[in-house]
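Undergrad: Sending over a structure as structure tokens; questions will come in a sec.
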Amino acid sequence: MTIQEYLKEKTALLARAGIDDAETEALLCFETASGMNRATIRFSAEKALADCFPDDVVEKIDDVFSRRASHEPLAYIVRKAPFFDLEFAVGPGVLIPRFDTEILVETALGCLGFPQMLPGDPKLPIVMEIHTGKQCNTVTELEKSGFFVQGIVPMLVPDTTPVRPVRILDLCTGSGCVGITIAHELQKKGVDFDLLMTDISPEAAAYAKENAKQILGDSDNKSGSRWRVEITDLWPKDLSSKFDLIVSNPPYVTKDEMEELAPEVRNHEPDLALTDGGDGLLMYRRIAEGLKEYLDPYGVIAVEHGCDQGEAVRKILNAALGNESAMTIRDYGDKDRVTCGKR
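Numbering (my numbering), first residue to last: 171 to 513.
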């Protein structure tokens with residue numbers, strides 16, 4: 171059997187199992203298990219499979235296809251998932267990063283003053299550093315000279331006033347994809363950050379640590395920035411300072427919706443990261459309860475939620491923030507996806 175014939179057979183296997191885009195997934199499975207890149211696969215398509223790989227490698231390739239045909243997520247099989255312009259290590263016990271969640275990162279970056287391309291060009295609440303009046307990620311020549319105009323009111327910023335790192339809290343961090351991506355964007359601009367990621371799952375926390383080290387570098391690299399991962403029910407155990415930005419992609423799938431999920435999700439990804447076992451709003455209520463203690467007076471909260479939960483999450487956050495600042499951002503499919511607000 172040639173490689174081309176083998177791939178045709180396995181593509182048919184995946185298609186019969188109900189895998190979408192079976193041809194593309196067959197190539198990905200083969201690449202991952204064989205170690206052969208796509209160009210070499212095409213170049214070697216007419217070669218016999220047995221001439222290219224020893225029996226143990228062929229068995230490994232067969233096993234990958236069997237796992238995918240049983241609807242094990244491809245990301246778990248290949249042990250990685252793309253997110254934004256990065257790649258995150260994932261595996262059993264941690265939620266796989268989704269494209270939808272990139273809207274949460276885009277919103278958070280917009281709240282930090284980054285140019286944003288969100289649908290509808292919403293006017294986002296901006297995180298401000300109370301001591302300097304400076305947008306956390308933007309240092310203009312005017313600011314460097316010690317002068318900043320906030321609206322129409324000039325504010326003097328003494329040169330002796332240090333600009334502290336941007337303090338970020340990522341609740342229910344999972345793989346760390348949200349907090350780490352935000353920090354990575356700050357890192358690219360040379361802006362110091364203090365990132366704390368929390369999760370109740372030791373398995374998820376381990377992946378977050380691995381990803382942070384690979385993407386952000388060692389947490390004690392003496393660059394002025396640092397990251398930490400804490401295993402906790404939700405909020406950090408010790409609070410040394412409030413946070414400029416709190417982000418979260420908490421479990422929000424309702425108990426009834428769990429039965430409707432694809433088998434890749436329902437049977438393999440951790441329930442703890444998907445659902446609260448009830449109406450899907452429990453974690454937003456718990457997050458709201460902690461905002462007074464953990465969110466800086468000039469800080470912003472941004473959370474992902476289900477497409478029919480925008481109104482409910484706005485009400486929960488507005489009650490906690492003590493104002494009507496909460497606004498819902500729609501995703502690229504024109505569905506409610508993220509709600510953010512400011513104290």
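Glycine included, C-beta positions come from ideal geometry on N, C-alpha and C.
What number of angstroms, rounded off, separates the C-alpha of Met325 from the C-alpha of Val333?
TA: With a pLDDT of 33 at Met325, under the threshold of 50, the modelled position of this residue cannot be trusted, and the question is left open.
Undergrad: Per DSSP, which residues does Glu400 bridge with? Please list them.
TA: DSSP, once it has assigned bridges, lists Thr368 as partnering Glu400.
Undergrad: Compare the C-alpha of Ala259 against each of Thr271, Tyr246 and Val423 and name the closest.
TA: With distances taken between Cα atoms, Ala259 lies closest to Tyr246.
Undergrad: With distance defined between alpha-carbon atoms, name the residue in Val470, Gly492, Gln479 and Cys477 nearest to Leu294.
TA: With distances taken between Cα atoms, Leu294 lies closest to Val470.
Undergrad: Could you spell out where the alpha helix (DSSP H) holding Ser236 opens and where it closes?
TA: From DSSP, the alpha helix (DSSP H) with Ser236 extends over Asp225 to Ala239.
Undergrad: How many Å lie between Asp403 and Ile173 at the Cα?
TA: Approximately 49 Å, taken between the alpha carbons.
Undergrad: Can you give the Cα-Cα distance for Val473 and Leu279, rounded to whole angstroms?
TA: Cα to Cα, Val473 sits roughly 13 Å from Leu279.
Undergrad: Should Tyr377 be flagged as near chain B, meaning a C-beta pair shorter than 8 Å?
TA: Among the chains in the structure shown there is no chain B, since it carries only a single protein chain.
Undergrad: Using C-beta distances below 7 Å, list every residue in its chain close to Ser315, excluding the 5 sequence neighbours before and after it, in chain order.
TA: Only weak support is given to the placement of Ser315: the predicted model assigns it a pLDDT of 38, under 50, and the value that follows is read from those uncertain coordinates. Counting only Cβ-Cβ distances below 7 Å, and skipping sequence neighbours, we find nothing.
Undergrad: Name the two residues that bound the continuous beta strand (DSSP E) containing Arg500.
TA: From DSSP, the beta strand (DSSP E) with Arg500 extends over Met497 to Arg500.
Undergrad: Return the chain-ordered list of same chain residues with a C-beta closer than 8 Å to the C-beta of Ile322, the five sequence neighbours on each side being excluded.
TA: Note that Ile322 scores a pLDDT of 29, beneath 50, so its modelled location is shaky and nothing firm can be said.
Undergrad: In chain order, what residues of the same chain have a beta carbon less than 7 Å from the beta carbon of Leu274, not counting five sequence neighbours either side?
TA: If we look at Leu274 and ignore the five residues flanking it on each side, its Cβ neighbours are Val348, Val417, Asn419, Ala472, Glu474 and Val508.
Undergrad: Spatial neighbours of Val571 within its chain, please: C-beta separation below 6 Å, excluding the five flanking residues on both sides.
TA: Nothing can be reported for residue 571, as the shown portion of the chain is limited to 171 through 513.
Undergrad: Excluding sequence positions up to five away, which residues of its chain have a Cβ less than 6 Å from the Cβ of Ala215?
TA: Cβ within range, chain order: Ile173 and Gln174.
Undergrad: According to DSSP, Leu415 sits in a beta bridge with which residue or residues?
TA: Bridge partners of Leu415: Ile338 and Val470.
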